[in-house]
Amino acid sequence: MPRLLGVDIPNDKQIQYSLTYLYGVGLHTAREACEKLGVDPTRAASDLGEDELGQIAALLEREYTVEGPLRRQTTQNISRLREIKSYRGMRHRMGLPVRGQRTKTNSRTRKGPKKTVAGKKGVKDLR
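With the working numbering as the guide, the letters of the sequence shown map in order to residues 82 to 208.
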């Protein structure tokens, strides 16, 4: 299994699909990288030599923000929003949806499982 930028990429798949296992590399970027290096994107990843893997890794590091640096950049952007106490930063801090989605219903992914609140007593129960 070839290792690229600290990530194992699958042997049996085509290079263009194997490269998408890297964080920050989608299908478009993978095809673009193959085109720039003159590598056939439909070749299996197991057919790549060490020198070709090195070229791909160097190109991705040089021209694109991928893996560790991209994760770090995303984390820094979110922490900056939290520090300046912007609306988006506060939503991140409270664990609520950030991009304007409704929260009366749905948004269970961000809010977690339901917390049931006891219902009101009926009028008949008060008598």
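Using N, Cα and C, we set each Cβ at its ideal position, and we do this for glycine too.
Scanning the stretch 143–187 for uninterrupted alpha helix (DSSP H) segments of 4 residues or longer gives 148–164, 168–175, listed from N- to C-terminal end.
In this structure, the alpha-carbon of R161 lies about 11 angstroms from that of H173. Residue state for L85 is assigned as strand, using DSSP reduced to three classes. Pairing K192 with H109, the inter-Cα distance amounts to about 33 angstroms. Only residues of its own chain outside the window of five on either side were considered, and among them V120 have a CB closer than 7 angstroms to the CB of E133, listed in chain order. Counting every other CB atom within 10 Å of its CB across the protein chains shown gives L177 a total below 16, marking it as exposed. In the structure shown, A199 falls within a coil segment according to DSSP collapsed to helix, strand and coil.
Annotation: the continuous alpha helix (DSSP H) that includes R112 extends over 108–118.
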